[in-house]
Structures are given as structure tokens and as C-alpha cells.
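What follows is one structure encoded as C-alpha cells, with my remarks underneath.
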Amino acid sequence: MKPTTTTTTTQSSDLFHIGTEIATLDQLRDLVGATSCGAIATFLGTTRDTFAVDGVDKQVTRLEYEAYTEMAVKQIRAIAQTTRSKWPDIVHIAIHHRIGVVPAGEASIAIAVSSPHRKAALHSVEFLIDEVKRIAPIWKKEVYSDGTSNWKQNCC
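When we follow the working numbering, the leftmost residue of the sequence shown carries the number -17, and every step to the right adds one.
Have a look at this one:
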């Protein structure tokens, strides 16, 4: 993984990365794995090839992500802290988000969480993706096959 634009931060057992490339799920599994953990839950968000615009499906060729990187990492760190307060037995959290061009079929975000038990890992991954999409200053533009494009609002 050789990102050309990157911000990576670690705090306690957490790793956050924003750049033009992200880790694979296998790499994330290795980052968050621990012998004390019986669960590693993951989420991989990919660019789908069709989005509804005004009720009409449009063919998507790519997404283009931009971010206020330093603030995004700060917000993601805060989201991770909130996650840890909700599920205190979480051992490790890793969140990688791409910026730049992400073609249809490729991953734009990867999240992995380890904990001793599955429920904390599973529930926290859902919480993390929802909160990152809602709060982090990362924006995406959908680019369609007809040459038009549309900036999307952050939401969960």
C-alpha cells in the first residue's frame, strides 16, 4: 500500500488512515487481530454502479472523494472514542477511507474492529460506518456515464 496522499494516526489501539489507497480486509484483520479476541468484524464499502437521481437510476462510472483530512481524522478519532464508551471491551479499531477517484466496484472505506465477543464487534462496526458517514468531513461526487455528476450529502 503506497498512498500518495495520506494521513495516518494511531492512538492507543486504533489506526485511522485517509489516502488514495486503503488496506485490504486481510491487512485490516492483521492490524486489529489479538489473541484475546474471539471476534473481528469488518465492513467494506464499495462503489456501486447505479445510483438513483430524482427517482431515476443512473449509471455510475466512479466516485470522487475529497476530505478536510486533518479534521476528518480528528472526527474519526472522536467517533472511535464514543464507540469505545458504548462497547468498552473493544480491543482494536481500524478505519481506512480513500480519497480521490474510486471506480465502480472498488472499495472506498474499510473498517475492522476486534473484541473478545462478537456482539460488541458487530454492533460497533455498524455504529462506526454510520457515524463516519454522518460526521466526518469527507465528501463524494458521483460521476455518471452520461458525463454529468452530483455531489452527495453526508448521511447515515
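Virtual Cβ for every residue (Gly too), placed ideally from N, Cα, C.
In this chain, the beta strand (DSSP E) harbouring I22 covers 21 to 28.
In this structure, the alpha-carbon of F(-2) lies about 8 Å from that of H79. The beta carbons of R66 and I58 sit no closer together than 9 Å.
For A49, the enclosing beta strand (DSSP E) covers residues 38 to 49. Y126 is a Cβ neighbour of V35, given a cutoff of 9 Å. Taking the Cα of T24 as reference, the smallest distance to any Cα among V14, R30, T32 is reached at V14. Across the set E3, P98, A92, the C-alpha of E3 shows the shortest separation from the C-alpha of V83. CA-CA distance, G1 to I120, rounds to 11 Å.
A buried status is given to W69, since no fewer than 16 other beta-carbon atoms sit within 10 Å of its beta-carbon. DSSP, read as helix, strand or coil, puts A92 in strand.
If you look at D(-4), you'll find it isn't in any alpha helix (DSSP H); it sits in the beta strand (DSSP E) that goes -4 to 1. Here K115 is not bridged, per DSSP, to any residue. The Cβ atoms of A92 and G27 sit closer than 9 Å to each other.
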